[in-house]
Amino acid sequence: MDQTHTILYAGSVSAGRGKAAASVTGSGEGIYTLSMDSDCHLQKLASVPCENSGIITEWNRKYIYAASETKDFTGLNGSGGGVSACRIEEDGSLSFLNDSISYGARTSYVSVSESGKYLLASNHGSHSTVTCHYVQDDQGKWVLQRGFDDSSIAVFSLREDGSIGELTDLKIFTGSGYWCHGGGQSASHLHCVKIRGDLVIACNRGCDAIEVMRLDEETGKLTVLQRILTKPGLAPRHAVFHPEKNLLYVVNENYPCVSVFEVNEETGFLTELQTAQVMEDEYYRERPLPEFAKRHADEGEKNTSGFGDRNAVMCSDIHISSDGRHLYVSDRCFGSDGSLSVLDVSEDGRLQLKQVFPLAGKDPRGFNLNKENTLLFVSLLDQNLIQIFSLAEDGRIREKKGELQISSPCSVIV
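Start counting the sequence shown at 15; every next residue gets the next number (the numbering used here).
Okay, here's the thing in structure tokens:
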């Protein structure tokens, strides 16, 4: 590929309807290799089949790793989800290396340690009951007890050729968030895992919590440091570290806002600094976050899940510009079109909403920025579309520069 073209990669959703495999459905082909010319014209070059590989990540432009959100990886009933590895060749094409079960159901995210020695995968676990049996309560009454797939973080060693090696650790997280019968946050759901240095952060959507760990680079073992409980009903989903400061930004799924945390470099502990809105004031006046006295709902109480309100905004992905000046959030809205929010980052790391940019689709999933902070790429899952937008010097989204129709895109690597 000549120097006038840029190579990109996109993960896609491939779980068909009727297969209780994932939380979303699509007809994706796996991991796409794309080309963009200087006029922002996109074209698909190839695809590597990877089962329901919506979320992908890269390491040093050498390797691509994918999370397969399924309960039956490679068709083996009950095997759980999976992780896959590909090598980036000199011409930008991908060569499949290997894959592995992820030792948990519905793998939702993958990250690579800075050293390139370890792959971390978050296993989301169940959205719904997978087992149930009846037990007797204190009064001798038989009551239904529900069971759910474990939610966990798996750590794999990575071989010198980038392929996935042995499992070095598996940490299972339990608990529940605010839940109403039939939906919401019925069990622990680890939606993403991020690593900087040896500090590991996992967003536990199901427990309204942030899990904080350290990774031992010699052994590949995790040590749990802290569980930070957010406000009930927020459902933390994805996170990003500030590129220069000891700050962590967490986007919440069930209530559209970003939680800002200061990271103690020595202990790894998090201190919350701010909860910043990502929509205009009117949205929050119409839909204030309820104040809950307890973390579990009784029958008949309101379920905080945004799926109960088609006009509620449910945030998805979060990224920060390479200079740390602007933060971006994707906003899904299934009753109308979604949007992208732009927030300014102050010197102390706090956020201020600058722009809510409307999109031509309900379900903007993953997105990304180029390193020059001049272009933004967004995957519109429901529209089978990747769109490119230009960015102004002040971080605002300006105009569409290009697009590509492609089946069920979910995440983008630029």
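Idealized CB from N, CA, C, for every residue including glycine. These numbers come from a predicted model, not from an experiment.
The C-beta of E413 has fewer than 16 other C-beta atoms within 10 Å across all chains shown, which makes the residue exposed. Contact between R101 and Y132 is absent: CB atoms are separated by about 18 Å, not below the 8 Å threshold.
Under the DSSP assignment, R299 falls in the alpha helix (DSSP H) whose first and last residues are D295 to E300.
Here D331 carries a strand assignment [DSSP, helix/strand/coil]. In the displayed model, G247 falls within coil according to three-state DSSP, outside both helix and strand. Look at the stretch 132-212 and you find these whole runs of beta strand (DSSP E), each 3 residues long or longer: 132-137, 145-150, 156-161, 165-172, 178-187 and 204-210.
8 Å or more divides the Cβ of D351 from the Cβ of A326. In the DSSP assignment, Y117 falls outside any beta strand (DSSP E), carrying neither H nor E.
Comparing alpha-carbon positions, the option among R75, G106, S122 and N74 lying closest to G94 turns out to be S122. Here DSSP, grouped into helix, strand and coil, assigns D396 to helix. Secondary structure in the stretch 353-403: the beta strand (DSSP E) runs of 3 residues or longer, each lying completely within the stretch, are 353-359, 365-372, 378-383 and 389-394 in chain order.
A check of alpha carbon separations from V264 across D163, T289 and Q150 identifies T289 as the nearest. Going by C-alpha positions, A216 is about 15 Å away from A81. Scanning its chain for C-beta atoms nearer than 7 Å, with the 5 sequence neighbours on each side dropped, one finds around C64 the residues G44, I45, A80, S82 and S98, in chain order. Inclusion of L365 and V272 in the CB contact set at 8 Å is warranted, their separation being smaller than that value. Between the alpha carbons of V38 and V359 lies a distance of about 32 Å.
Burial is judged here by how many other beta carbons sit within 10 angstroms of a residue's own beta carbon; L341 has at least 16 and is buried.
Just so you know, the alpha carbons of H205 and G416 end up roughly 30 Å apart. If the five residues before and after R160 are omitted, its C-beta is found closer than 7 Å to the C-beta atoms of T143 and C146, all from its own chain and listed in chain order. R324 sits in coil when the DSSP states are folded into three classes, being neither helix nor strand. Between the stretch 147-157 and the stretch 180-188 there are fewer than three inter-stretch CB-CB distances shorter than 8 Å, so the stretches are not counted as touching. In the DSSP annotation of this structure, the continuous segment of the beta strand (DSSP E) that includes Y263 starts and ends at L261 to N266.
For L48, the enclosing beta strand (DSSP E) stretches over residues I45 to M50.
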